[in-house]
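According to UniProt numbering, the sequence shown holds residues 1 to 366 in order. Even glycine gets a Cβ: it sits at the ideal position worked out from N, Cα and C.
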Amino acid sequence: MFHVTRSNMKHIDQILKKTGIIKVSPNDTLSSALGKLTSSHDAAFVFDAKDKFLGVINPYYTLIKSSAFDASTKVAHALFHPPHIDTTDSLSRIVQLMNESKIHYLPVFDADKQFLGITSARRILTFMQNLDVAKLTIGQMSHTQKGKVITVTLDDSISKAQQLFKEYKTSKIVVIDKNGRLKGILSHYDLIPFIIAPGNKQRRGTRGEQTQFKDTPVKNYVKTTVLTLNEKNTVSEAIEQVLSKVIGSIILVDHESHPTGIVTTRDILDLLRIDNKKKNVSITTKHLSKHHVVTFNDFAKYITEYIQRNEPIASARIIYEGEKNDRLFKITVHLTPFKGRPVVISREGKDFSQLLQEVKEVVRRE
């Protein structure tokens with residue numbers, strides 16, 4: 001990954017926004033506030049009658065992560081307190097706070113803790129276009145769902161999509177046809193109005209109404225307007241698409257329109273992160289045959305890149321044990337978080353490639 005030096009990082013004046021900020025009152029309803037937003041990463045900034053900043057309303061925290069609120073809830077009861085940006089913070093620090101909080105609009109304060117305005121992911125992307133990092137190809141960067149795209153078909157049910165959103169902790173799923181070709185994208189955010197509709201909420205709707213929504217085919221909710229590139233395109237081209245089309249994700253496709261990955265705004269912003277403390281990923285192998293080396297190295301690279309990007313994980317260990325006759329293979333991955341207990345993922349099988357793919361998917365769900 002390209003790394004940005006500290007000397008490049010302090011440019012708050014070039015990414016500060018002071019006007020056109022979405023503002024709401026504590027007495028507004030959640031429905032009114034959310035109606036001003038267009039994605040799960042957006043934020044409406046809440047100020048009281050004396051123009052004091054109180055917090056933000058964000059779809060992820062009010063609707064996706066929590067089910068305690070409904071459309072009539074007052075903004076004052078659904079506030080989220082986002083990270084505060086200081087004028088001396090580096091871009092690396094700002095990007096870290098954006099990605100960890102899942103909010104792409106954060107408040108900026110001066111040394112006296114006075115609200116100055118906001119900074120946004122889009123402003124940072126605009127600034128990035130003039131940096132060397134924008135010259136990288138997409139293939140040179142880590143990106144979401146690289147090598148394993150989470151998909152549903154047009155005829156799959158919404159209940160299947162909801163399960164995948166939860167299982168893989170993702171907010172977007174690629175929609176394909178029966179031949180595996182790209183047809184569109186399904187966003188968790190776009191389903192929220194239907195999920196929280198009175199007829200679909202657990203405490204209000206009947207079992208029949210809930211079942212009817214869950215059985216609805218994905219094709220009823222898919223967005224067919226999508227951005228597509230391939231791994232040979234540059235980061236600059238990806239940024240240009242995101243900014244001009246006002247869409248936060250780009251689907252990577254091959255020459256036959258089969259999806260091969262997704263590049264999100266988060267992935268692009270991550271290129272500005274300074275890797276001061278690269279996480280340790282140790283790899284041990286036993287009886288790894290020569291004709292499996294390339295496949296295993298690709299697997300180890302995938303896991304290593306995933307660990308570097310996953311904030312809660314502090315370190316990892318990959319252990320491969322094979323029989324000399326290649327009849328049985330065993331993979332164990334130890335994940336050590338910064339907080340909490342370590343996780344051990346262990347699988348064995350006779351199909352080498354299938355085993356590695358299975359372990360990848362389990363690691364992604366942790």
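By the Cβ neighbour-count rule, H41 is buried, with 16 or more other Cβ atoms within 10 Å of its own.
Runs of alpha helix (DSSP H) with 4 or more residues, each lying fully within the UniProt domain "CBS" (222-279), are found at 235-245, 265-269, listed in chain order. Taking C-beta atoms as the reference points, I64 and A33 fail to come closer than 8 angstroms. The secondary-structure analysis by DSSP pairs D190 with nothing; it has no beta-bridge partner. Taking the Cα positions, V246 is about 27 angstroms away from D28. A contact between stretches requires three or more CB pairs, one per stretch, nearer than 8 angstroms, and the segment 225-238 meets this requirement with the segment 251-261. Spatial neighbours of I12 in its own chain (CB-CB distance under 6 angstroms, excluding positions within 5 residues in sequence) are listed in chain order as T87. Exposed is the label assigned to P193, since fewer than 16 other Cβ atoms lie within 10 Å of its Cβ. Excluding sequence positions up to five before and after V253, its CB lies within less than 6 angstroms of the CB of L182, T228, P259, all in the same chain and listed in chain order. Contact between V174 and T151 is confirmed by a C-beta separation of about 5 angstroms, below the 8 angstroms threshold. Residue environment for L328: exposed (fewer than 16 other C-beta atoms within 10 angstroms of its C-beta). Considering only V24, Q14, I21, the residue with the shortest C-alpha distance to D89 is Q14. V149 sits in coil when the DSSP states are folded into three classes, being neither helix nor strand. Note on the segment 282-360: whole beta strand (DSSP E) runs with a minimum of 3 residues are 313-322, 329-337, 343-349, in chain order.
Between T216 and S171, the C-beta gap is not smaller than 8 angstroms, which leaves the two residues out of contact. A buried status is given to A161, since no fewer than 16 other beta-carbon atoms sit within 10 Å of its beta-carbon. Under the three-state reduction of DSSP, P217 is assigned to strand. Residue pairing by DSSP puts A44 in a beta bridge opposite I57. When DSSP states are grouped into helix, strand and coil, K160 belongs to the helix group. The criterion of a C-beta distance shorter than 8 angstroms is not satisfied by I307 and I268.
Apart from sequence neighbours up to five positions away, the residues of its chain that approach S72 with a beta-carbon distance below 6 angstroms are T29, ordered along the chain. The continuous beta strand (DSSP E) containing T119 extends over residues 115-120. Restricting attention to E305, F296, R317, Y302, the CA atom closest to the CA of D351 is found in F296. Only exposed fits P342, as fewer than 16 other CB atoms lie within 10 angstroms of its CB.
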